[in-house]
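Below is one structure, written out as C-alpha cells, with a few remarks after it.
Okay, here's the thing in C-alpha cells:
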C-alpha cells in the first residue's frame, strides 16, 4: 500500500523546546518545594490539554492553587508559553512543507488551551500542513488510538498509508498498533533520512508489485492466446 500522508508532532520535533528550568525558578520564587507547583496544578494541566478548561480558568487556578497575584500569573504564563513554543526547527519545517502536494500532511499534537493562537502567530503552521489535530480541540491525547484514527479519517487515508514522526516512543507504539509507519525523532538529519527512506522503500515496493502484476497479466494473456491457438489447430477443417 502506498504512503499517502505524513504526520509530524510539534513539541520537540517541529519546535525545538529545551527545558528552560522555568518551573523550578518559579517554585523558588514562590517558596514552594521542588515539584510542588506541577503537583498542585496537575488536574489543570490535564484538563487544559483536553480542552476541559479555558485560559481564564487556568489563570484563576494559579491564583487559588498556587497563591499568585495577577502580575505573577501574567509573568508565569509568559514564561510558560516561551518554554512551550521554543523555536522553530527551520530545517525540519522546510522539509515538512516540501512534502506537499505529493503527500497529504498533518500535525498531531498533545497541546494546551491557547496553543493554536500562539503557534499560528509565531510559526504559521496552518500554512505548511493540510491538517492540525490539537488534543485540546478534539478532547483526545496521544497515545489514545482515537487521535490517530481521527487524523486518518479527516485525511481520507488508511493507517497503513500514513507515516508519523514523534519524539516519544509511547505515542509511536500506539500508532504502530494501528498499522501506521511510526518513526522516532532523535535529531533532524536522522528524522529526514528515516522519513525519506520509508517513502522510497514504500514507493519501490509499490512499483515492484505493479511490475509483477503487469508481468502476471502479460503471462496470463499469452497463456490464453496459446491455448486458443492449440484449440484452433486441433479443430477439424
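Numbering (our numbering), first residue to last: 39 to 275.
From the three backbone atoms N, C-alpha and C, an ideal C-beta is built for every residue, glycine too.
Every value quoted in this text rests on a predicted model; they were computed, and no experiment measured them.
Secondary structure of residue i, DSSP reduced to three states
i           : result
residue 46  : strand
residue 132 : helix
residue 226 : helix
residue 147 : strand
residue 275 : The pLDDT assigned to residue 275 is 42, lower than 50, so where the model puts this residue is not dependable; a value taken from the coordinates is nonetheless given after this. In the structure shown, residue 275 sits in coil (DSSP, three-state: anything other than H, G, I, E or B).
residue 40  : coil
Residue i classed as buried or exposed, judged by whether at least 16 other C-beta atoms fall within 10 angstroms
i           : result
residue 49  : buried
residue 57  : exposed
residue 123 : buried
residue 132 : exposed
residue 53  : buried
residue 200 : buried
residue 229 : buried
residue 157 : buried
residue 139 : exposed
residue 148 : buried
residue 197 : buried
residue 231 : exposed
residue 220 : buried
residue 127 : buried
residue 203 : buried
residue 275 : Residue confidence for residue 275 is low, a pLDDT of 42 falling below 50, so the modelled location carries little weight; the figure read from the coordinates is stated next. Answer is exposed; the Cβ neighbour count stays below 16.
residue 76  : exposed
Supposed close pair residue i, residue j - CB separation, criterion 8 Å
i           : j           : result
residue 213 : residue 186 : 5 Å
residue 145 : residue 167 : 5 Å
residue 82  : residue 143 : Rounded, the Cβ-Cβ distance is 32 Å, inconsistent with contact.
residue 183 : residue 216 : 6 Å
residue 281 : residue 130 : The chain is shown from 39 up to 275; residue 281 falls before or after that span and cannot be answered.
residue 205 : residue 51  : 5 Å
residue 41  : residue 240 : 5 Å
residue 179 : residue 87  : 6 Å
residue 222 : residue 236 : 12 Å between Cβ atoms; not a contact.
residue 74  : residue 62  : Contact doesn't hold; Cβ gap of about 11 Å is too wide.
If you pair each beta-carbon of the segment 82 to 100 with each one of the segment 151 to 158, do three or more pairs fall below 8 Å?
-> yes
Return the chain-ordered ranges of every beta strand (DSSP E) run that is complete within the segment 97 to 132 and spans a minimum of 3 residues.
-> Counting whole runs of 3 or more residues, the segment 97 to 132 contains no beta strand (DSSP E) stretch at all.
Would you be able to state if there are at least three C-beta pairs under 8 Å between the segment 68 to 80 and the segment 95 to 110?
-> yes
Inter-stretch contact at 8 Å, needing at least 3 Cβ pairs: the segment 166 to 180 / the segment 109 to 120 | no
Runs of alpha helix (DSSP H) lying entirely within the segment 160 to 246, each at least 4 residues, in chain order | 173 to 176, 183 to 193 and 207 to 216
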